[in-house]
Amino acid sequence: MSSVARRLVAKTSLPPCALRIHPSDPTVVYIGTYKLVKDSERYGTIEIWKCTATLQKVNEVAAGSAILDLKFDPFDESRLISVHSTGNLKIWKLADDYLHLTETLNYQAYEEVTLITAANFHPARPNVLTLSTTSGVCSVLKLGDKISQRDFDTTHDLECWFSTFGCFDGLQDIVFSGGDDRNLIAHDNRMADFPVWKTDRLHDAGIVSVLPATPSWNRTHPYTIWSGSYDDHLNSLDLRVSPPSDLIPGISPRVLQRKHLGGGVWRLIPGPNNDGRVLCCAMYAGCRMLKSADETIIVEQEFKDDHDSMVYGGDWTAGNMVTCSFYDQVIQVWEQQ
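Going by my numbering, the sequence shown wraps up at 359, each residue one higher than the last.
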């Protein structure tokens, strides 16, 4: 079992809310920030950091309103998207040196009082992504010369914190969303007017992260997903069908394992080595290194060091692991030993 040790630490200029490492250059780190100026006015930037023997900020791009999530396009790594506290999504074009960004699109998906809480691209279909919002709405967008947007009719009663696509046969048209109402919903993109299933019996508080199996994570159990919550628990869920079957309407998942992690399970980031490991951003509890082994959740290590406030962001490539915490504005670089 490998261990994780801190290599570098620094402080951002504004509170960091989301973090991404460049897919081809693990020395370049992009951080989306979120600053509450007054009342409901929120300001954000994208800070660009260079991580070598030292950790240094090399650029900062004004983004307008606060950023809640950053994602690279899996089919075009020169394209980075940010989602904002004013209901809009921006697309940024990366320069050849990866250290400069140009805004190429600002799409207003919702009313300006709505915060977009997360964005995730479809793993197999170019230009398709799902958005979640504080209004409880979950949507699917198709990017292109003309953007199409489909809002699912079944919404969360409170904030929708996260949504993501299934990956394998029978799941590629499914969007899983989790919300503050404790509901996990399976939406079918082919019929947006009603869900496949909806359940609030899996967690005791809001659901904030969902991780389906992918070709590079947990592929031997394609119909198992993980769900994380403010209740400090991570669930491993059996979708109760076998590939390549569709989900069965009204048949919600069965809990295979319920693991207490000691902190809110805000983000789940699979590792780059296809070995079943997952980096967990566990809010006030710092970070966890998890592993999926024969449908069992194993906690390999807990690590925190200078993260004294909520760990909201993290990313992991073959060359670097980086995490950030919000109020103390700390970013830390970790290495495996």
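Here a beta-carbon is modelled for each residue, glycine too, at the ideal position from N, C-alpha and C.
The three-state reading of DSSP puts R28 in strand, counting E and B together.
Under the 8 angstroms Cβ criterion, the region 273-280 counts as touching the region 252-262, having at least three qualifying pairs. Spatial neighbours of N296 in its own chain (CB-CB distance under 6 angstroms, excluding positions within 5 residues in sequence) are listed in chain order as S238. The three-state reading of DSSP puts T76 in coil, since its state is none of H, G, I, E or B.
For M343, the uninterrupted beta strand (DSSP E) segment begins and ends at M343 to S347. In this structure, C73 and V59 do not form a Cβ contact; the two beta carbons are roughly 29 angstroms apart against a cut-off of 8 angstroms. In this structure, L137 lies near S107, with their beta-carbon atoms less than 8 angstroms apart. If you draw a straight line from the Cα of K313 to the Cα of D350, it comes to about 28 angstroms. At the C-beta level, D202 and L233 stay beyond 8 angstroms of one another. K326 and R212 have their C-alpha atoms some 42 angstroms from each other. Cβ contact annotation for K281 (same chain, cutoff 6 angstroms, sequence separation greater than five): L256 and I319, in chain order.
For a cut-off of 8 angstroms, the C-beta gap from A40 to D98 is around 19 angstroms, too long to register as a contact. Annotation: R28 to D268 spans about 43 angstroms, alpha carbon to alpha carbon. Shown here for Q78: same chain residues with a beta carbon closer than 7 angstroms to its own, the five before and five after excluded, namely W71 and K72 in chain order.
Boundaries of the beta strand (DSSP E) harbouring M311: C309 to A315, taken from the DSSP string. In the structure shown, the three-state DSSP call for N296 is coil.
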